[in-house]
Each structure stands twice: as structure tokens, then as C-alpha cells.
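2 protein chains.
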Amino acid sequence: MAKLKPRTLSGFMELLPEKQAQFEKMAELLRKAYSLYGFTPLDTPIIEASEVLLAKAGGETEKQIYRFTKGDSDLSLRFDLTVPLAKYVALHYGELTFPFRRFQIGKVYRGERAQRGRFREFYQADIDVIGDGKLDIANEAEIPAIIYQTFTSLGLERFQIRVNNRKILNGFYAMLGLTEKSGDIMRTVDKLDKIGADKVKELLTDEEMGLTDEQAQEILDFIAIKGSQGEVLAALEGYRGRSEVFDAGLDELTTVVKYLSAFGVPEDKFAVDLTIARGLDYYTGTVYETAMVDHPEIGSICSGGRYDNLAEYYTDKQLPGVGISIGLTRLFYILEEQGYLNEALNTAPADVLVLPMTDDLAPAIAFATALRWEGVRTQLYTEQKKFKQKMSYADKLNVPFVAILGEDEIAKGAVSVKDMAAGEQATLPADEAVKRVLSGLDRGREEKPIREPGK
Amino acid sequence: MAKLKPRTLSGFMELLPEKQAQFEKMAELLRKAYSLYGFTPLDTPIIEASEVLLAKAGGETEKQIYRFTKGDSDLSLRFDLTVPLAKYVALHYGELTFPFRRFQIGKVYRGERAQRGRFREFYQADIDVIGDGKLDIANEAEIPAIIYQTFTSLGLERFQIRVNNRKILNGFYAMLGLTEKSGDIMRTVDKLDKIGADKVKELLTDEEMGLTDEQAQEILDFIAIKGSQGEVLAALEGYRGRSEVFDAGLDELTTVVKYLSAFGVPEDKFAVDLTIARGLDYYTGTVYETAMVDHPEIGSICSGGRYDNLAEYYTDKQLPGVGISIGLTRLFYILEEQGYLNEALNTAPADVLVLPMTDDLAPAIAFATALRWEGVRTQLYTEQKKFKQKMSYADKLNVPFVAILGEDEIAKGAVSVKDMAAGEQATLPADEAVKRVLSGLDRGREEKPIREPGK
Numbered sequence: 001m002a003k004l005k006p007r008t009l010s011g012f013m014e015l016l017p018e019k020q021a022q023f024e025k026m027a028e029l030l031r032k033a034y035s036l037y038g039f040t041p042l043d044t045p046i047i048e049a050s051e052v053l054l055a056k057a058g059g060e061t062e063k064q065i066y067r068f069t070k071g072d073s074d075l076s077l078r079f080d081l082t083v084p085l086a087k088y089v090a091l092h093y094g095e096l097t098f099p100f101r102r103f104q105i106g107k108v109y110r111g112e113r114a115q116r117g118r119f120r121e122f123y124q125a126d127i128d129v130i131g132d133g134k135l136d137i138a139n140e141a142e143i144p145a146i147i148y149q150t151f152t153s154l155g156l157e158r159f160q161i162r163v164n165n166r167k168i169l170n171g172f173y174a175m176l177g178l179t180e181k182s183g184d185i186m187r188t189v190d191k192l193d194k195i196g197a198d199k200v201k202e203l204l205t206d207e208e209m210g211l212t213d214e215q216a217q218e219i220l221d222f223i224a225i226k227g228s229q230g231e232v233l234a235a236l237e238g239y240r241g242r243s244e245v246f247d248a249g250l251d252e253l254t255t256v257v258k259y260l261s262a263f264g265v266p267e268d269k270f271a272v273d274l275t276i277a278r279g280l281d282y283y284t285g286t287v288y289e290t291a292m293v294d295h296p297e298i299g300s301i302c303s304g305g306r307y308d309n310l311a312e313y314y315t316d317k318q319l320p321g322v323g324i325s326i327g328l329t330r331l332f333y334i335l336e337e338q339g340y341l342n343e344a345l346n347t348a349p350a351d352v353l354v355l356p357m358t359d360d361l362a363p364a365i366a367f368a369t370a371l372r373w374e375g376v377r378t379q380l381y382t383e384q385k386k387f388k389q390k391m392s393y394a395d396k397l398n399v400p401f402v403a404i405l406g407e408d409e410i411a412k413g414a415v416s417v418k419d420m421a422a423g424e425q426a427t428l429p430a431d432e433a434v435k436r437v438l439s440g441l442d443r444g445r446e447e448k449p450i451r452e453p454g455k
Numbered sequence: 456m457a458k459l460k461p462r463t464l465s466g467f468m469e470l471l472p473e474k475q476a477q478f479e480k481m482a483e484l485l486r487k488a489y490s491l492y493g494f495t496p497l498d499t500p501i502i503e504a505s506e507v508l509l510a511k512a513g514g515e516t517e518k519q520i521y522r523f524t525k526g527d528s529d530l531s532l533r534f535d536l537t538v539p540l541a542k543y544v545a546l547h548y549g550e551l552t553f554p555f556r557r558f559q560i561g562k563v564y565r566g567e568r569a570q571r572g573r574f575r576e577f578y579q580a581d582i583d584v585i586g587d588g589k590l591d592i593a594n595e596a597e598i599p600a601i602i603y604q605t606f607t608s609l610g611l612e613r614f615q616i617r618v619n620n621r622k623i624l625n626g627f628y629a630m631l632g633l634t635e636k637s638g639d640i641m642r643t644v645d646k647l648d649k650i651g652a653d654k655v656k657e658l659l660t661d662e663e664m665g666l667t668d669e670q671a672q673e674i675l676d677f678i679a680i681k682g683s684q685g686e687v688l689a690a691l692e693g694y695r696g697r698s699e700v701f702d703a704g705l706d707e708l709t710t711v712v713k714y715l716s717a718f719g720v721p722e723d724k725f726a727v728d729l730t731i732a733r734g735l736d737y738y739t740g741t742v743y744e745t746a747m748v749d750h751p752e753i754g755s756i757c758s759g760g761r762y763d764n765l766a767e768y769y770t771d772k773q774l775p776g777v778g779i780s781i782g783l784t785r786l787f788y789i790l791e792e793q794g795y796l797n798e799a800l801n802t803a804p805a806d807v808l809v810l811p812m813t814d815d816l817a818p819a820i821a822f823a824t825a826l827r828w829e830g831v832r833t834q835l836y837t838e839q840k841k842f843k844q845k846m847s848y849a850d851k852l853n854v855p856f857v858a859i860l861g862e863d864e865i866a867k868g869a870v871s872v873k874d875m876a877a878g879e880q881a882t883l884p885a886d887e888a889v890k891r892v893l894s895g896l897d898r899g900r901e902e903k904p905i906r907e908p909g910k
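Chains as they are written, first to last, in our numbering: chain H, 1 to 455; chain A, 456 to 910.
What follows is the structure in C-alpha cells.
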């Protein structure tokens with residue numbers, strides 16, 4: 001029969017078993033971290049009616065959509081988890097309890113140009129809190145705690161949560177009489193890291209933008225405000241009283257900073273960063289980014305913010321919310337590429353490989369059954385191979401323990417347990433063998449999927 | 456602004472939070488059960504190149520495929536998890552260790568006619584063991600144990616695993632000289648439950664099928680073999696020596712039955728059922744179905760079997776395997792409809808709702824933080840509402856505990872903890888309050904997502 005060459009589409013991540021186990025561990029810890037903050041899991045279809053999904057889309061996003069017809073239906077694959085959430089909340093409004101807190105970890109699709117590290121199918125891991133009409137600022141203050149606990153539980157250490165407030169930015173540009181130009185200005189200011197302050201000033205004062213030297217300098221001075229949380233807040237107090245919007249934003253930012261320590265967020269994991277804007281239309285209050293301190297070139301690995309109208313395309317209800325998103329597939333790709341995946345994590349498919357050495361498999365099967373009902377992940381290896389090949393199989397899978405049941409062991413109701421890492425082997429009564437394995441596994445349980453390189 | 460009516464496509468399951476929590480619990484327990492047997496998690500793209508995905512497809516399946524073009528690419532959504540597995544194993548053959556044991560829980564797509572209980576997007580939960588060239592019969596013997604432990608861990612009690620062997624069927628029809636007609640015969644015999652033995656005999660002996668009365672009676676006698684495992688095997692021994700294929704199949708079935716008790720499968724959960732065939736081309740050895748004893752009309756809720764060539768469309772390597780699949784979305788739908796979902800399962804998004812009663816939220820936040828670092832799922836409720844409305848929110852979410860921090864509590868470093876089920880409230884020092892919650896939660900942890908109706 002002629003064979004068809006198997007292949008996986010470019011831009012689609014497909015991992016080998018060890019790496020997949022790492023990825024699954026990360027997803028499991030994300031589910032756990034999000035659950036700790038009272039978010040309920042949600043799952044929505046990957047396919048939606050195009051008119052529903054594209055109610056808001058346009059421009060670059062719309063071009064990337066996987067859109068097709070099936071029968072009479074115009075269908076699209078979701079390109080994020082926010083639009084499906086908006087649809088869900090508008091559709092099920094009467095059946096939900098607000099504030100509605102949900103997390104969703106799922107695949108989304110964007111037909112981007114294929115290139116290294118860009119994915120067309122990728123996981124997003126989102127949380128959102130949706131209020132009905134109102135939503136208290138405390139919800140915005142809680143987000144840094146969630147980001148902190150999430151990345152800490154994954155094992156990442158050198159990261160920083162950076163926060164700004166859109167009202168502060170909008171209020172500041174209003175003070176300068178530059179509200180209408182604020183979008184263009186923020187886009188220019190966003191280039192600061194890349195092109196430097198002089199070049200930014202040049203762009204701000206060129207014919208097209210038309211700012212005065214004084215205005216440009218005020219902007220540069222403003223975004224240069226840096227320091228400890230207290231220093232930044234004190235500097236911002238200097239602008240108070242000139243714009244109601246600014247003052248409201250400063251109050252919100254002050255509240256967010258105030259509760260950080262009660263939320264358990266260490267001071268070095270958090271910074272106020274006045275250069276963060278996160279797009280122009282959607283966010284209306286606190287905005288968040290998360291940087292890997294040793295890899296600024298990667299950009300934010302967890303971002304989001306406060307918005308006033310989740311579902312305005314579907315409903316008249318005012319549904320304000322705050323949310324963050326992790327691009328999990330991209331993050332995993334970066335972590336692997338930069339050497340952050342913890343090789344000490346147990347990624348073997350089983351904790352014990354049971355090797356029967358007799359024709360009658362019953363004693364080996366009974367021992368495997370006992371391990372499984374104790375919650376130990378156990379594989380029976382029953383292929384007709386030489387002992388050496390069986391041990392080589394255990395080595396390749398990186399299984400922590402091998403349990404051998406030969407004639408001698410079976411005659412005394414015993415099992416020979418080999419600790420593969422320590423290289424130690426002991427012949428024990430079956431019930432003690434189970435205990436030996438259980439206590440051995442406890443050692444490895446605290447390993448996290450991420451480990452800082454060089455640690 | 457004109458509003459667009461939000462809707463979810465028909466044939467796509469979208470659950471409300473409580474039901475979603477039930478579904479997630481089932482998926483979590485499936486991952487756990489599969490992991491106990493040494494299966495590694497796998498994830499493959501939902502989109503594949505059409506030529507790859509449809510290498511084997513044809514007929515009814517092909518018509519149901521979601522197929523479309525994006526740019527120059529002819530793409531399709533996967534319609535099962537087996538073809539992607541075949542592609543994966545053929546593509547990564549050199550990087551895998553065999554036997555390769557993987558589980559995958561993922562969405563698949565079939566554009567079926569929409570009707571109640573039929574889904575176009577649904578989860579399959581599959582396991583497969585793939586050998587390189589050979590695969591020992593013990594792998595087939597292990598499958599009933601996996602099915603048994605899986606459904607038991609979910610809470611299902613009245614189910615039966617039914618097993619047959621394709622070699623027994625093929626050998627039997629070869630004895631009668633009916634190999635060429637065996638496909639048509641099996642399709643007819645499959646109707647036994649619906650149309651009765653007389654009608655089956657009539658169809659077998661009609662002009663089109665052309666069997667003699669004697670042949671038809673032999674077939675009916677054969678499939679009528681019933682009884683305990685020992686009785687069925689004894690009856691089958693009566694046919695031994697007439698067909699090598701039959702004898703090989705009987706040896707395999709005998710091995711499967713022999714190890715059941717060592718695998719911990721109770722006798723009443725297992726039956727040999729000679730009417731099971733599971734399609735005609737793919738399976739070559741043991742085949743499995745799982746019935747809900749009280750709902751025969753539902754058909755099999757977990758099926759599969761042994762096959763000889765997983766990936767013959769992609770590779771010359773002989774890759775025999777054995778696998779089973781649960782149609783999780785359909786199963787969940789049935790369980791809900793038939794009243795099998797356990798309402799005692801804790802489906803609340805949080806275990807504790809913390810209610811701050813003062814303007815300064817810091818003490819309440821600190822208490823919530825302490826709970827979270829102890830692994831307790833905790834929600835802070837900070838909206839400006841009356842106490843009654845806050846308690847009503849806790850009721851609606853079905854949160855097990857409410858923790859109240861008012862002026863009085865804060866002054867003494869205490870928390871008032873209300874056990875919502877018991878209706879009891881106690882004011883305790885903060886650290887004791889954490890312990891009270893932890894011990895209270897232990898009570899509910901053993902609940903399973905499924906409970907037999909009437910129990």
C-alpha cells in the first residue's frame with residue numbers, strides 16, 4: 001500500500017510525551033491556582049456562528065480568523081476566550097450569579113504568518129470577574145495576588161507584575177489638553193524602550209503630531225516617574241486636583257498598592273509602571289503586565305485589565321469586569337527555549353514499572369492492582385523480552401521504581417523494589433514494598449514544572 | 456447601539472457553572488484513572504491537513520467532516536482521536552518508547568444531523584497501548600480492569616463490561632464455510648435484541664443471504680451461549696480443534712478471563728458476550744463494550760478493542776494496539792438526563808466566601824490569603840451590598856463556608872465562620888478558623904460526580 005507522509009501543520013504545537021507531561025503539570029497548577037481564588041471552570045465551543053464571534057472584530061484580527069461554511073452555516077473558530085465569555089454571559093445572564101468569576105483554559109486559533117515561536121493554535125488561560133452594573137475596586141487589587149501565586153506555584157521566581165491605570169493616563173493627557181491625540185501619543189511613548197527618549201520627543205513634536213516642546217517634555221517627565229511604590233504614588237500626588245479622571249485613577253491605584261501586602265505579594269514582585277497602556281479602546285482602569293526580569297525581550301507573559309463593558313455588542317446590561325490572560329503555549333515555548341523547564345520533574349508515565357518474571361502473571365498483576373488502589377501510577381510490562389531490555393525500557397521512560405516478581409519473590413510473597421535514581425534494590429514483603437514506593441514518591445512531589453536556570 | 460442576539464450553535468454543549476464543575480470533576484477523575492495504569496497524556500492539534508486526516512476516511516464519516524481551506528491549505532477538524540494518534544506515532548516513531556501508552560481527552564467534530572443528545576463537538580476520552588511489531592495479550596487482559604476502576608472512581612455502580620474476541624467470531628464462521636458472508640451475517644445477528652431470533656433466522660436463510668437452515672441454527676445456538684465465565688468458556692471449548700483462528704481466539708479470551716480477579720475486577724462486572732463484533736475491518740482480537748445495566752437502550756458507554764495495524768496508511772511499521780474510548784460529552788448528557796449526577800458533589804466555585812464588614816479590607820484579605828496558602832478555595836466578596844444580599848450570594852453559589860470579619864471579630868483577631876449546610880456559626884481565632892474550615896471540607900471530599908439514582 002502506498003504510504004502517505006504523516007505531518008503536523010506548521011504553527012501547531014505537538015509535544016513529545018515528556019514535554020507534554022511538563023505542559024500538563026503547568027495546566028494543572030494553573031487550574032489549581034485559579035480555583036484558589038474562587039474562579040469556576042468554564043468551557044465554551046471552539047466553533048461559533050461567525051456573526052456572533054465577529055460582532056466586534058475587525059482589521060488585523062478578522063483577517064486571521066479561521067472562517068468557513070458547513071452546510072448553510074457561516075462558522076468561525078474562536079480567536080480568544082473573551083468574546084466567547086461575552087457571548088456566554090449575555091446569553092446566560094439570568095442564570096448566572098454576579099460577580100461571576102470564571103477561568104477558562106482552552107485552545108484558540110489565529111492564522112498568523114508562520115514563524116518560530118508563533119502559533120496558529122494555542123492555549124490561553126484566562127480569568128475574569130464580571131460584575132452586574134458595578135464591580136468593586138478590590139477585585140482589581142486582587143489580580144496581582146493571583147498572578148503572584150500562579151507563577152510562584154509554577155516555580156518561576158524572577159518575574160515582576162507591572163501595573164498602571166488607564167484613568168491616570170487619560171486624566172494626564174486631559175490635563176495637557178491632548179485627549180484627542182492621546183492614542184497617537186501612547187503609541188509613540190510605547191516605543192520608548194526601543195528608540196529612546198530623544199527620538200520619542202522628536203516624534204511627538206514633529207509636524208504630524210504637533211506637540212509643543214513643553215508638552216513633550218511634560219510627557220517624558222511623567223512616564224519617567226519611577227521608584228518604590230510609595231515614591232511613585234507621592235510623585236503622582238503632585239498632579240492631583242487638575243483632572244477628576246486622573247484623581248479617580250490615582251485613588252484606584254492607591255487602593256491596589258495598599259492591599260498588596262495583605263494579599264501576600266512581596267514588594268519586589270510589583271511595580272507601578274506608567275508606560276503600560278495595553279491597547280486603546282477596551283481597558284478603562286487598572287492594567288497589568290508581567291515581565292520575566294531576565295528576559296525583557298519576551299514582553300509580557302500575563303496581561304489584562306479592567307474594562308467597563310464586557311458584552312456591549314450583545315446586551316444593554318452594563319457588565320464591567322477585570323481579567324488577565326496567559327498565552328500558555330507561547331509561554332511554554334519560551335520556557336523550554338530559555339532553559340526554564342525543570343528536568344527534575346517526574347514526567348514518567350508511571351511511578352512503578354512492574355516486571356513479571358514468570359509465565360503466570362497473576363502475582364505481578366495482583367501487586368500492580370494493590371499499587372493502583374493506593375493511588376500509585378503503575379505500569380505492567382508484559383512483553384516477551386530479556387530482563388536487560390525490560391530494564392532499558394524502564395530507563396528510557398525514566399520510571400522512578402521498578403518492581404520485580406520472579407519465582408523467588410513469589411515463593412515468599414515478596415517483591416524486589418529497585419529505586420532507579422538511588423540504584424538501590426531491596427526484596428520486601430508485598431505490603432512493605434507498597435509503603436516503600438509511597439514514601440519514595442513523596443520525595444519528588446514538590447518539584448515544580450519551572451526552575452530558574454542556574455539553580 | 457444595535458445588539459446582536461447571542462447564541463450557541465446547536466449540537467454544541469455549553470454548560471452552566473454547576474454542571475461544568477461536575478463535568479470537570481469527571482474529566483479530572485478520568486485523567487487520574489488513566490494515569491494509574493501508566494498512560495501518558497497526549498495532546499494533538501484539532502486541525503490537521505485534510506490529506507493526512509482523511510487518508511483512511513470515506514463514506515459517512517467523510518461527509519460529516521468539518522473541512523475548509525485557509526490560504527492554500529486544505530484543512531480538516533479531527534473527527535476522532537485515533538487517526539491523530541496514528542499520525543503521531545508514525546511521525547514520531549523514532550522518538551517514542553514502545554509499548555507506547557497514551558491517553559487523550561479532547562474535543563472532536565462531526566457535522567451530524569442535529570438532534571437531542573447528538574453533538575457536533577464532543578469530548579472523547581481515549582486510551583491506547585501501541586506495540587512495535589508485537590503486543591502481548593496481557594495488555595488486552597488489563598483493559599477490563601481500567602474500565603472497572605474508571606467507572607468505579609466516577610461513582611457508577613450498575614455497569615457491566617462485555618467482552619468478545621474477533622478471532623472467535625472469524626474462526627467460527629470459517630468452520631461453517633461462511634467467511635465471505637461473515638460481515639453480512641454479523642450485521643444481521645447484531646439486530647437480535649431488536650427483532651428476535653426467529654426474524655434473524657428468517658433473514659439469514661432468505662434468498663439474498665442464502666444460508667441453510669442448519670447453518671442458521673448453528674449461528675443462533677452459538678450466539679445464545681450464555682452463563683458464567685466458566686460456563687461460556689466450557690461451551691466454547693466444544694468448538695476447539697475445527698479452526699486455528701478460533702482456537703487462538705479462545706486462548707486469548709481464556710487469558711483475559713483468567714487474570715480478571717488478579718486485576719480486581721468483580722465477577723458481576725464482567726461478561727463474555729458473543730454477540731459483540733464492533734465493526735468489521737479494524738479490530739482483530741478482544742473487543743469491549745460497557746453497558747449501563749439499567750439502561751440497555753443507551754448502548755455502550757465505553758468501547759474498543761485490539762487492532763493489528765494502527766498506522767498502515769502512514770508507515771510500513773507494524774503497530775498493533777489495543778484501546779478504548781469514552782464519548783464523554785454524550786455520557787455526561789445521558790447521566791444528567793437519567794438523574795445520575797450526584798447533587799451532593801461540591802460544585803461551588805469556592806469553599807469559603809470571605810465577607811469583610813469594614814471599610815478597611817486588610818484583615819479580611821489577610822484571612823483569605825491565609826486560607827489560600829493552605830489550599831482552600833477562597834473568594835473575597837467586596838461588593839457594596841447589604842449583609843442579607845451577601846449571604847444570599849453565598850447561598851446561590853452553594854458555598855460550604857462563609858467567613859465574616861466585622862469590627863468585633865477584627866478587634867479580637869477572630870473570624871466568625873458559618874457552616875452553611877449545618878447552619879452553625881462560631882467565632883474563632885483566625886488560625887483556628889482555618890482549621891475548622893479544613894476539617895469541614897474533608898467531609899465532602901469523598902463525593903463522586905455520579906450517584907446511582909435512588910441511592
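Note that the Cβ used here is the ideal one computed from N, Cα and C, for glycine as well.
- In this structure, A:K890 is the residue among A:S780, A:I650 and A:K890 with its C-alpha nearest to the C-alpha of V807 of chain A.
- Here I195 of chain H is exposed: its Cβ has fewer than 16 other Cβ atoms, across all protein chains shown, within 10 Å.
- Rounded to whole angstroms, the Cβ separation of N619 of chain A and I731 of chain A is 4 angstroms, and the two are in contact under 8 angstroms.
- About 5 angstroms separates the beta carbons of L611 of chain A and I905 of chain A, which is inside the 8 angstroms limit, making them a contact pair.
- With respect to chain H, the C-beta atom of Y848 of chain A has a partner C-beta closer than 8 angstroms.
- If you check the CB distance, Q149 of chain H and A33 of chain H come in under 8 angstroms.
- Here G177 of chain H carries a coil assignment [DSSP, helix/strand/coil].
- Using a Cβ distance threshold of 8 angstroms, T44 of chain H and P17 of chain H do not count as a contacting pair.
- DSSP places S528 of chain A in the strand class (E or B) of the three-state scheme.
- Within the region 305-337 of chain H, the residues whose Cβ lies closer than 8 angstroms to any Cβ of chain A are, in chain order, A311, E312, Y313, Y314, T315 and D316.
- F842 of chain A is classed as exposed because its beta carbon has fewer than 16 other beta carbons within 10 Å across all chains shown.
- Sequence-distant partners of G339 of chain H (beyond 5 residues in either direction) whose C-beta falls short of 6 angstroms from its own C-beta, in its chain, are P453.
- Against N594 of chain A, the close residues of chain H are T382, in the order they occur along the chain (beta-carbon pairs closer than 8 angstroms).
- With the rule of 3 Cβ pairs closer than 8 angstroms, the region 36-54 of chain H counts as touching the region 94-113 of chain H.
- Counting only Cβ-Cβ distances below 9 angstroms, S35 of chain H has contacts in chain A at P804, A805 and R832, in chain order.
- Residues of chain H whose Cβ lies closer than 7 angstroms to the Cβ of P500 of chain A are, in chain order, T8, L9, F12, E14 and E121.
- When the five nearest sequence neighbours on each side are left out, the beta carbons in the same chain lying within less than 6 angstroms of the beta carbon of P356 of chain H are those of A364 and L405, in order along the chain.
- In this structure, the CA atom of M747 of chain A is about 8 angstroms from the CA atom of S755 of chain A.
- Assigned with DSSP and collapsed to three states, L441 of chain H falls in helix.
- In this structure G759 of chain A is buried. Its beta-carbon is surrounded by 16 or more other beta-carbon atoms within 10 angstroms.
- Note that the region 6-20 of chain H touches the region 112-127 of chain H; at least 3 beta-carbon pairs, one per stretch, sit closer than 8 angstroms.
- Note on G878 of chain A: under 16 other CB atoms within 10 angstroms of its CB, so exposed under the neighbour-count rule.
- For A703 of chain A, the enclosing alpha helix (DSSP H) begins and ends at E699 to K713.
- S505 of chain A and L4 of chain H have their C-alpha atoms some 12 angstroms from each other.
- Counting the other CB atoms within 10 Å of its CB gives G279 of chain H a total below 16, which places it among the exposed residues.
- If you check each beta-carbon in the region 556-569 of chain A against every beta-carbon of chain H, the ones closer than 8 angstroms belong to R556, R557, K562, Y564 and G566.
- Beta-bridge annotation (DSSP): N165 of chain H is paired with H:T286.
- L380 of chain H is bridged by DSSP to H:V354.
- Scanning chain A for C-beta atoms nearer than 8 angstroms to the C-beta of E95 of chain H yields L471, reported in chain order.
- K562 of chain A carries a strand assignment under DSSP once its states are collapsed to helix, strand and coil.
- Proximity of K474 of chain A to chain H, defined by a Cβ-Cβ separation below 8 angstroms, is not satisfied.
- Of the candidates A:D863, A:E864 and A:V857, A:V857 places its Cα closest to the Cα of L893 of chain A.
- For T369 of chain H, the chain A residues whose C-beta falls within less than 8 angstroms of its own C-beta are A600, A717, F718 and G719, listed in chain order.
- Not a single CB atom of chain H sits nearer than 8 angstroms to the CB of H750 of chain A.
- Under the DSSP definition of a beta bridge, E424 of chain H partners with H:D419.
- Its chain contains T499, Q559, G561, V563, Q579, D581 and S780 as the residues whose beta carbon lies nearer than 8 angstroms to that of L536 of chain A, once the 5 sequence neighbours on both sides are disregarded; these appear in chain order.
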